[in-house]
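Q: Have a look at this one.
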Amino acid sequence: MRESKPNGPGAGPGPPCPDQVLENVLENVLQFLTCRRDRNAASLVCKSWYRAEAMTRSELFIGNCYAVAPGRATARFHRITAVVIKGKPRFADFGLMPINWGAHSTRWLTAFAGAYPFLEKIYLKRMSVTDDDLGLIANSFSCLKELTLVCCEGFGTSGLAVLACKSRQLRVLDLFEDEVNDDEVDWISCFPESGTCLESLSFDCVECPINFAALERLLGGSPNLKKLRLNRFVSIGQLYHLMIRAPQITHLGTGSFSPSEITQQAEQELDYRAAFTACKSLVCLSGFREIAPEYLPAILPVCANLTSLNLSYANINAEQLRSVICYCHNLQTFWVLDTVGDEGLQAVAATCKDLRELRVFPVDPREDSEGFVSEVGLLAISEGCRMLQSILYFCQRMTNAAVTATSKNCPELVVFRLCIMGRHRPDHLTNEPMDEGFGAIVMNCKKLTRLAVSGLLTDKAFDYIGKYGKLVRTLSVAFAGDTDMALKYVLEGCPNLLKLEVRDSPFGDSVLRAGLPHFYSMRFLWMSACRLTLPACGEIAKEMPHLVVEVFTSGTEPVHDEDEFVDTSYMYRSLEGPRDDAPEYVRIL
């Protein structure tokens, strides 16, 4: 027999313990697990899996900035290099959230500055971000490569100047739909003159003029720049000079796409088609603010290569659209105003056979406007673009037959948002509720995860959603339903429901009672202009201590006990309990 070696002080280290071996193996395996839902599931297996998952996670996603405290996140995860944080719920985009409600980014950025000094990517959405916050980012994260702010507010060009000056490693600075204050600071000039690492720069939401000469120098010193989105203060003539300087651009936001009033005659003589011809890698076009339609044919040289075209700011008609869309055979994403009418959408359907995402926005969002598109356009799109995965469609009239046909023609739909503007509008041909159309969507589109319903709907439509919408994670409801049974069908029948948004509907207190077994598994419930009472909301807050229940109005008036109905109730799960930064007009029960 072999003689065993002694385990004394001079014997060297013994074999690793089985638990340590398991955790080492787990860490190596979990590094290849990229989906956060899969990672969350893995962390719930046992304590060793929980520890291993935390040690290997590099991206942190916070779907609600009040669901967890920054300290809890940084204590658990130590190797984070990318963070995504979301603040206000989506209905804030519709003016339903009062001013200065919260979602401040300061506490998160302060915590990250201490815990993750090597952070490389920050993505904030619907957050309040101050100039001091941008200064904190610039001074604390020397390795920062990407900063994306979406639908944020509270900062201005002063903060952008600090970022531009100090973030030497910055590759991406993208500002999308933010409210940026004009501090009269020339922030573009603050980028280093010696050159930058910029690969993407988007500032189309910045509503103030820029130093165009500095922008030209910036492009000249940024050889890796591939994505550029300009604001409306950049004229088409200036765009021409930028494109000549940076022909490597793949994604372009065009700015105003009309001549400057000052240099109009000189800009009219430029060969814009030649500039687009030189940009042989261009695959994504957006912008077209304040468009002069006669310049639209200039993009023809790149149409065959385009996979994404955003005309949601371009007030053009069907004939003008038809002149370019007939060359866009490879288009996968298309956003447009409804001014193109059903005829314009028919032209899209005839050409864009590989279309995956369509968004049709109203040029006039008023409920009493006539609108330009109808069921005719939607039906044409569904017949011609059968690979569609996402539809957002604003219209004034619709039919069950068209929605049903869409569900059969486009079974790959993951997102279906049909916004019939106006209250309680039925099928305009049969005068029947839109129940059968939306029922067909959830029955035939087996991959559906996001649904927005509108028009005249009875409880029957929600019964369909509860029975067949098993993968639905986000449901938006406006001006719909008969009784509380409608939402009961949804809450009891949709096991994957995370976000439920309801406005201007006749749902009352019994909905909250029905939702008790489900609220902890949801990210939030928003109900405004419904029939919820303050006592009912208070009972839910008492019974569910980890559910924060906020009540407020759309203005700054506090909610009083004598109020018969709550104007808005926002309920969300939180590991930390009620927040401490709520303004006076927000009452936390």
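For the sequence shown, UniProt numbering assigns the number 1 to the initial residue and increments by one for each residue that follows. Virtual Cβ for every residue (Gly too), placed ideally from N, Cα, C.
If contact is defined by three or more beta carbon pairs under 8 Å, each pair taking one atom from either stretch, is the stretch 246-256 in contact with the stretch 265-274?
A: No, the stretch 265-274 does not touch the stretch 246-256.
Q: Once you ignore the five residues that flank E267 on each side, which residues in its own chain have a CB closer than 7 Å to its CB?
A: Translated into positions along the sequence shown, residue 267 becomes position 267. Correct list, in chain order: S235, I236, G237, P259, S260.
Q: Give, in chain order, every unbroken run of the beta strand (DSSP E) that is at least 3 residues long and sits entirely within the stretch 428-464.
A: Entirely contained in the stretch 428-464, the beta strand (DSSP E) runs reaching 3 residues are, in chain order, 450-453.
Q: With a 10 Å radius around its C-beta and 16 neighbouring C-beta atoms as the bar for buried, classify E319 as buried or exposed.
A: Here residue 319 is taken as the residue at index 319 of the sequence shown, counted from 1. Result: exposed.
Q: Does the stretch 121-136 come close enough to the stretch 144-151 that 3 or more CB-CB pairs lie under 8 Å?
A: Judged by Cβ distances under 8 Å, the stretch 144-151 makes contact with the stretch 121-136, as three or more pairs qualify.
Q: Would you kindly report the start and end of the unbroken alpha helix (DSSP H) that includes C537?
A: The count along the sequence shown starts at 1 and reaches residue 537 at position 537. Looking at the DSSP string, the run of the alpha helix (DSSP H) that includes C537 is 534-543.
Q: Whole alpha helix (DSSP H) runs in the stretch 322-403 with 4 or more residues, listed along the chain?
A: Whole alpha helix (DSSP H) segments, 4+ residues: 341-351, 375-384.
Q: Inspect the CB distances between the stretch 89-98 and the stretch 66-77 and report whether three or more fall short of 8 Å.
A: Touching, no.
Q: Drop a sphere of 10 angstroms on the beta-carbon of M387, count the other beta-carbons inside from all chains shown, and report buried for 16 or more, exposed for fewer.
A: Within the sequence shown, numbered from 1, the residue matching residue 387 stands at position 387. Classification for M387: exposed.
Q: Measuring CB atoms only, is the stretch 68-86 touching the stretch 106-126, in the sense that at least three cross pairs come out at less than 8 Å?
A: Contact between the stretch 68-86 and the stretch 106-126 is present, because at least three Cβ pairs lie under 8 Å.
Q: Is G156 helix, strand or coil when you go by DSSP?
A: Along the sequence shown, one-based indexing puts residue 156 at 156. Note: G156 maps to strand in three-state DSSP.
Q: From the DSSP output, read off the bridge partner residues of M527.
A: In the sequence shown, the residue the question calls residue 527 occupies position 527. M527 pairs with V502, S569.
Q: Quick one, are the C-beta atoms of G497 and M522 less than 8 Å apart?
A: As a working mapping, residue 497 is identified with position 497 in the sequence shown. As a working mapping, residue 522 is identified with position 522 in the sequence shown. A small correction: the amino acid at residue 497 is Leu; Gly does not occupy that position in the sequence shown. It is a contact, given that the beta carbons lie within the stated cut-off.
Q: In angstroms, rounded to a whole number, what distance separates the CA positions of P98 and G555?
A: Start at 1 with the first residue of the sequence shown, and residue 98 comes out as number 98. Start at 1 with the first residue of the sequence shown, and residue 555 comes out as number 555. Their Cα atoms are separated by approximately 5 Å.
Q: Per DSSP, what kind of secondary structure is T56 in: helix, strand or coil?
A: Translated into the one-based positions of the sequence shown, residue 56 becomes position 56. Of the three classes helix, strand and coil, the one that applies to T56 here is helix, per DSSP.
Q: Taking the alpha carbon of A278 as the point to measure from, which residue in N305, Y585, I210, Q264 has its own alpha carbon closest?
A: Here residue 278 is taken as the residue at index 278 of the sequence shown, counted from 1. The shortest Cα separation from A278 among N305, Y585, I210, Q264 belongs to N305.
Q: Please identify the residue among H518, L471, N400, I420 whose C-alpha is closest to the C-alpha of P365.
A: To locate residue 365, count along the sequence shown from 1; it is residue 365. P365 has its Cα closest to that of I420, out of H518, L471, N400, I420.
Q: Please work out which residues of its chain come closer than 8 Å, Cβ to Cβ, to R76, disregarding the five sequence neighbours upstream and downstream, and give them in chain order.
A: Start at 1 with the first residue of the sequence shown, and residue 76 comes out as number 76. These residues qualify, in order along the chain: A54.
Q: With a cut-off of 8 Å on the beta carbons, I'd call W49 and P583 a contact; round off their distance for me.
A: In the sequence shown, residue 49 corresponds to position 49, counting from 1. In the sequence shown, residue 583 corresponds to position 583, counting from 1. Contact flag wrong, Cβ pair sits at about 41 Å.
Q: Going along the chain, which residues of its own chain have a beta-carbon closer than 6 Å to the beta-carbon of V559, five neighbours each way excluded?
A: Position 559 of the sequence shown holds residue 559. Result list for V559: V551, R587, in chain order.
Q: Using the rule of at least 16 other Cβ atoms within 10 Å of the residue's Cβ for burial, across every protein chain shown, is Q332 buried or exposed?
A: Position 332 of the sequence shown, counted from the first residue, corresponds to residue 332. Under this definition Q332 is a buried residue.
Q: Between which residues of its own chain and H78 is the CB-CB distance below 8 Å, once the five residues before and five after are set aside?
A: Position 78 of the sequence shown, counted from the start, is the residue given in the question as residue 78. Answer for H78: A54, M55, A115, listed in chain order.
Q: Leaving out five residues before and five after T106 in sequence, what residues of the same chain have Cβ atoms less than 6 Å from its Cβ?
A: For the purposes of this step, residue 106 is taken as residue 106 along the sequence shown, with counting starting at 1. Once the five neighbours on either side are set aside, the close Cβ partners of T106 are D133.
Q: Check the C-beta distance from A314 over to L285 and give it rounded, since I have them as a contact under 8 Å.
A: Stepping through the sequence shown from its first residue, residue 314 is reached at position 314. Stepping through the sequence shown from its first residue, residue 285 is reached at position 285. The Cβ separation is near 10 Å, so there is no contact.
Q: For C328, is the classification buried or exposed, using 16 other Cβ atoms within 10 angstroms of its Cβ as the cut-off for buried?
A: As a first step, residue 328 must be located in the sequence shown, where it is residue number 328. Buried: at least 16 other Cβ atoms inside 10 Å.
Q: If I follow the unbroken alpha helix (DSSP H) through F212, where does it start and stop?
A: One-based indexing of the sequence shown puts residue 212 at position 212. Unbroken alpha helix (DSSP H) run through F212: 212-220.
Q: In whole angstroms, give me the CA-to-CA distance for I381 and S281.
A: Here residue 381 corresponds to residue number 381 of the sequence shown, with the count starting at 1. Here residue 281 corresponds to residue number 281 of the sequence shown, with the count starting at 1. Rounded to the nearest angstrom, the two C-alpha atoms are 28 Å apart.
Q: For L309, count neighbouring C-beta atoms within 10 Å of its own C-beta (all shown protein chains included) and say buried if the count is 16 or more, exposed if not.
A: Along the sequence shown, read from residue 1 onward, the residue named residue 309 stands at position 309. Buried: at least 16 other Cβ atoms inside 10 Å.
Q: What ranges does the beta strand (DSSP E) occupy inside the stretch 249-282, keeping only unbroken runs of at least 3 residues that lie completely in it?
A: Runs found: 251-254.
Q: If you measure between the beta carbons of L215 and W187, is that distance less than 8 Å?
A: Here the question's residue 215 lines up with position 215 in the sequence shown. Here the question's residue 187 lines up with position 187 in the sequence shown. In this structure, W187 does not lie closer than 8 Å to L215 by Cβ.
Q: Quick check: the Cα distance between K227 and S202, rounded to an integer number of angstroms?
A: Numbered from 1 along the sequence shown, position 227 holds the residue referred to as residue 227. Numbered from 1 along the sequence shown, position 202 holds the residue referred to as residue 202. Looking at the two C-alpha atoms, the distance is approximately 8 Å.
Q: Assuming the contact rule is C-beta atoms closer than 8 Å, F416 and C445 should be a hit. Round their C-beta distance to whole Å, please.
A: As a first step, residue 416 must be located in the sequence shown, where it is residue number 416. As a first step, residue 445 must be located in the sequence shown, where it is residue number 445. Contact flag correct, Cβ pair sits at about 7 Å.
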